[in-house]
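Asker: With the UniProt record's numbering, letter number 61 in the sequence shown gets 61, and the count goes up by one each step, no holes.
Glycine residues also receive a C-beta, built at the ideal position from the N, C-alpha and C atoms.
Got a structure for you, written out below as structure tokens; questions coming shortly.
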Amino acid sequence: MNTGHALAAYLGYYKQYPTINEAMEDASVRADVTKALHESGRVLIEKYGWSAEEHGAYIEKIIQRFTNSAITDEVTRVARSPIRKLGANDRLVSPASQYYNLFDEIPQGLVKGIAALLLFDYKEDIEAVKLQKTIYERGIEEALLQYAQLSADHPLALAIKEQVDVLKK
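Here it is as structure tokens:
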């Protein structure tokens, strides 16, 4: 659930939605979050033998929770601490790396979420300010190396950088 919640927050912030449920009403955000959850789920199914059917039902339950208008959660609250969430062993880079290592494919949904995280520039979040300063002064490649332990030539880093460029357009 943490992966999906974070992705909804970063993609929602990117699209300027104030809350998770409003972001998830956007068909493209919902599709991106769902795609990333299926990617991270594929890792769990492969590694731990989970049932694909049960995990699919779990994803639907999570998506319904995120779209529940009775639960208003601000994207800036959920997105806070982006440096921690960019960590190699945290909710975004870890499943993306595991997916790449297991299937030798780029997990495009997770990559898009990580790219949106790199664009999170909320001025009231100390980590967001620090991350943006690192990116401004040393580039995305250095930020990915420093915070996610992804070298500039790693296929995931290359895909993330490319997706950041797409989102900036």
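1) My output table needs one value for T19: the three-state DSSP class, helix, strand or coil.
2) Which of the three DSSP states is assigned to E105 in this structure?
3) Taking just the CA atoms, how far does K123 sit from T134?
4) Could you check whether Y10 and A128 sit closer than 8 Å to each other, using their CB atoms as the reference points?
5) Specify the secondary structure class of E124 as computed by DSSP and reduced to three states.
6) Using the beta-carbon count (16 or more within 10 Å), is Q132 buried or exposed?
7) So what does E39 bridge to, in DSSP terms?
8) Roughly how many angstroms separate the alpha carbons of Y99 and I71, rounded to a whole number?
9) If the criterion is Cβ atoms closer than 8 Å, does the pair G113 and A57 meet it?
Answerer: The short version:
1) The residue given as residue 19 occupies position 19 in the sequence shown. Reduced to three states, the DSSP call for T19 is strand.
2) As a first step, residue 105 must be located in the sequence shown, where it is residue number 105. Note: E105 maps to coil in three-state DSSP.
3) On the sequence shown, residue 134 is found 134 positions in, with the first residue counted as 1. On the sequence shown, residue 123 is found 123 positions in, with the first residue counted as 1. Rounded to whole angstroms, T134 to K123 spans 14 Å at the Cα level.
4) Position 128 of the sequence shown, counting from 1, holds the residue named residue 128. Position 10 of the sequence shown, counting from 1, holds the residue named residue 10. Contact: no.
5) Counted from its first residue, the sequence shown places residue 124 at position 124. Three-state result, E124: coil.
6) Taking the first residue of the sequence shown as position 1, residue 132 is located at position 132. By the neighbour-count rule (16 or more Cβ atoms within 10 Å), Q132 is buried.
7) Working through the sequence shown from its first residue, we reach residue 39 at position 39. Under DSSP, E39 forms no beta bridge with any residue.
8) On the sequence shown, position 99 is the one that residue 99 refers to. On the sequence shown, position 71 is the one that residue 71 refers to. Distance between the alpha carbons of Y99 and I71: 31 Å.
9) Mapped onto the sequence shown, residue 113 falls at position 113. Mapped onto the sequence shown, residue 57 falls at position 57. No. Outside cutoff.
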